Ligand SMILES: Nc1ncnc2c1ncn2[C@@H]1O[C@H](COP(=O)(O)OP(=O)(O)O)[C@@H](O)[C@H]1O
Ligand SMILES: [Mg+2]
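Residue numbers (our numbering): 3 to 316.
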């Protein structure tokens, strides 16, 4: 598939997955890949303060919107700007009140904890507020593409389910309308797609398969390709490398052991990748496991190229 076409197919990509599988890395990678295709990107984090900023070499921002990567043009190829932003329920509530004609006093009350009272009375309202904010950003065309680093997989389901609950609890009024509008966004594949992230291991893959069926059935959201992160590349000729030829007998035994270990791991990984392909009828885009200390701009650049290659191969 043409990557430009892929990124133009939806205005919001929500990236979700079990905690620790590399959801933030995947969201940053997708943002960087879209930027390489010339799109301006807004990377939205909802889990807390920005974890993605350092991956772009930007200093960790607070909750304010900030430019993570400036637009550049080299040899006639334009890379779009990437901005980052964190959305919290409190910020979303203040924003919502101010755009719905409530006065300063109410805003101050929101800051002083009234949200907790409202949230206890209406489950799902916090998630709905955050989704409402994302919907507003989408309607305002805040960027060519909005990438959302969603809460962890189990929570992602609750996150996307929240508007249905609120819509049914508040049968009329502004809150009801908000829920309906958010449901329209979630149910429209040309506006929003869900990208699930996993790693090639048994438990995360099981959880991914479960989540996929649940969100499709209950939320009616369009599922984009699955991102399989931290895939260990196969190394050819481990057993007859030049190093092996020069090695002493003892070193050779160690090399053989390392090769056997590595082969066993890639075999297990391939079994899981096959199983995912068989049990979940969604295309896969694989990202390699990178070795080094941290994921920074160079690593994101490598992963973004891999992501684009993965989309091209679909
Ligand atoms: N492809 C990869 N190669 C190497 N390290 C990775 C890769 N993906 C993620 N990591 C590392 O794994 C950890 C978890 O990634 P992160 O994106 O923060 O996970 P999540 O957002 O799902 O909790 C981080 O330390 C990150 O640097
Ligand atoms: Mg994260």
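Virtual Cβ for every residue (Gly too), placed ideally from N, Cα, C. Everything numeric in this text was worked out from a predicted model, so none of it was measured.
Bounding residues of the beta strand (DSSP E) (the contiguous stretch that carries residue i)
{"i": "residue 195", "result": "194–200"}
{"i": "residue 19", "result": "14–19"}
{"i": "residue 69", "result": "68–71"}
Beta-bridge pairing of residue i - partner residues as DSSP gives them
{"i": "residue 76", "result": "79"}
{"i": "residue 47", "result": "88, 151"}
{"i": "residue 230", "result": "200, 288"}
{"i": "residue 224", "result": "195"}
Residue i, enclosing alpha helix (DSSP H) - first and last residue
{"i": "residue 291", "result": "Per DSSP, residue 291 belongs to no alpha helix (DSSP H) and is neither H nor E."}
{"i": "residue 262", "result": "251–281"}
{"i": "residue 184", "result": "175–188"}
{"i": "residue 139", "result": "127–141"}
{"i": "residue 244", "result": "244–248"}
{"i": "residue 1", "result": "Given a span of 3 to 316 for the chain in the structure shown, any question on residue 1 remains unanswerable."}
{"i": "residue 58", "result": "Careful: residue 58 lies outside any alpha helix (DSSP H) and carries neither H nor E."}
{"i": "residue 5", "result": "5–10"}
{"i": "residue 27", "result": "25–38"}
Burial state of residue i (16 or more Cβ within 10 Å)
{"i": "residue 19", "result": "buried"}
{"i": "residue 81", "result": "buried"}
{"i": "residue 90", "result": "buried"}
{"i": "residue 57", "result": "buried"}
{"i": "residue 150", "result": "buried"}
{"i": "residue 135", "result": "buried"}
{"i": "residue 61", "result": "exposed"}
{"i": "residue 213", "result": "buried"}
{"i": "residue 55", "result": "buried"}
{"i": "residue 245", "result": "exposed"}
{"i": "residue 24", "result": "buried"}
{"i": "residue 8", "result": "buried"}
{"i": "residue 14", "result": "buried"}
{"i": "residue 47", "result": "buried"}
{"i": "residue 141", "result": "exposed"}
Backbone CA spacing between residue i and residue j [nearest angstrom]
{"i": "residue 193", "j": "residue 42", "result": "16 Å"}
{"i": "residue 26", "j": "residue 227", "result": "16 Å"}
{"i": "residue 88", "j": "residue 271", "result": "34 Å"}
{"i": "residue 236", "j": "residue 292", "result": "13 Å"}
{"i": "residue 315", "j": "residue 307", "result": "12 Å"}
{"i": "residue 168", "j": "residue 220", "result": "15 Å"}
{"i": "residue 71", "j": "residue 85", "result": "7 Å"}
{"i": "residue 32", "j": "residue 4", "result": "15 Å"}
{"i": "residue 73", "j": "residue 83", "result": "4 Å"}
{"i": "residue 53", "j": "residue 206", "result": "21 Å"}
{"i": "residue 318", "j": "residue 313", "result": "Missing from the structure shown is residue 318; the chain here goes from 3 to 316 and no further."}
{"i": "residue 49", "j": "residue 247", "result": "51 Å"}
{"i": "residue 103", "j": "residue 127", "result": "19 Å"}
{"i": "residue 137", "j": "residue 300", "result": "32 Å"}
{"i": "residue 222", "j": "residue 303", "result": "33 Å"}
{"i": "residue 95", "j": "residue 190", "result": "24 Å"}
{"i": "residue 204", "j": "residue 277", "result": "9 Å"}
{"i": "residue 333", "j": "residue 195", "result": "Residue 333 falls outside the range modelled here, since the chain spans only 3 to 316, and no answer is possible."}
{"i": "residue 294", "j": "residue 160", "result": "35 Å"}
{"i": "residue 65", "j": "residue 131", "result": "16 Å"}
{"i": "residue 148", "j": "residue 183", "result": "17 Å"}
{"i": "residue 232", "j": "residue 133", "result": "29 Å"}
{"i": "residue 224", "j": "residue 218", "result": "7 Å"}
{"i": "residue 273", "j": "residue 234", "result": "13 Å"}
{"i": "residue 162", "j": "residue 16", "result": "10 Å"}
{"i": "residue 178", "j": "residue 75", "result": "45 Å"}
{"i": "residue 11", "j": "residue 282", "result": "22 Å"}
{"i": "residue 180", "j": "residue 174", "result": "10 Å"}
{"i": "residue 37", "j": "residue 146", "result": "10 Å"}
Interface flag, residue i vs chain B, CB-CB below 8 Å
{"i": "residue 180", "result": "The displayed structure is made up of one protein chain only, and chain B is not part of it."}
Check: residue i C-beta below 7 Å from any heavy atom of ligand 4
{"i": "residue 296", "result": "This structure simply doesn't include ligand 4; it includes ligand 1 and ligand 2 instead."}
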